[in-house]
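Numbering (this note's numbering), first residue to last: 24 to 179.
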């Protein structure tokens, strides 16, 4: 599966690190309802550490899940443009069953939201697991599976 990893924040890495540490200390008001403030339980993760965990997660994807993927890119962004703190990932594209036969479709994109995933995860193992779940969930949208069905089969 092709992937593009990049930092979308225009601040320098040191100020980003300070901003994430501030959010970690202030995370008692977690955006995840009943979940405790989880970023505070994990030290700051550099982009390289996150990429390493992402690589491990991609290696753990269920066999066959990427077999039919075509023209799909995986991007990691810090957070959604609209500031949504609950969104862990997003599929942006035309599901397989709705595609024309021209082959001229723009690439489909899967976005992972790094800050939200880190804030949701209890530790690195949980982060890796949530990345796997999020990627599978978004790939399922590529195949035309909706959220309701994903929840029914345990990938919601």
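The beta-carbon is built from N, C-alpha and C at its ideal position, and this holds for glycine as well.
Computed from a predicted model, the values in this text were never measured in an experiment.
Just to confirm before moving on: does the CB-CB distance between residue i and residue j stay below 7 Å?
i: residue 97; j: residue 139; result: no
i: residue 167; j: residue 123; result: no
i: residue 135; j: residue 144; result: no
i: residue 131; j: residue 155; result: no
Is residue i helix, strand or coil when you go by DSSP?
i: residue 96; result: strand
i: residue 124; result: coil
i: residue 133; result: strand
i: residue 115; result: strand
i: residue 48; result: Note that residue 48 scores a pLDDT of 27, beneath 50, so its modelled location is shaky; the value from the coordinates is reported in the next line. Helix, per DSSP.
i: residue 71; result: helix
i: residue 61; result: Annotation note: pLDDT 48 at residue 61 (below 50); position unreliable, coordinate value reported separately. The answer is coil: DSSP assigns residue 61 none of H, G, I, E or B.
i: residue 109; result: coil
i: residue 89; result: coil
i: residue 104; result: coil
i: residue 53; result: Note that residue 53 has pLDDT 33, beneath the 50 cutoff, so the model's placement of it is unreliable and the number below is only indicative. The answer is coil: DSSP assigns residue 53 none of H, G, I, E or B.
i: residue 166; result: coil
Can you give the beta carbon distance from residue i to residue j, rounded, assuming they're within the 8 Å contact cut?
i: residue 133; j: residue 114; result: 6 Å
Among the options, which one has its Cα closest to the Cα of residue i?
i: residue 89; options: 177, 160 and 172; result: 160
i: residue 75; options: 116, 91, 130 and 137; result: 137
i: residue 165; options: 118, 158 and 70; result: 118
Practice item. Count the C-beta pairs between the region 81-90 and the region 100-118 that are closer than 8 Å, then say yes if the count reaches three, no if not. Key: no
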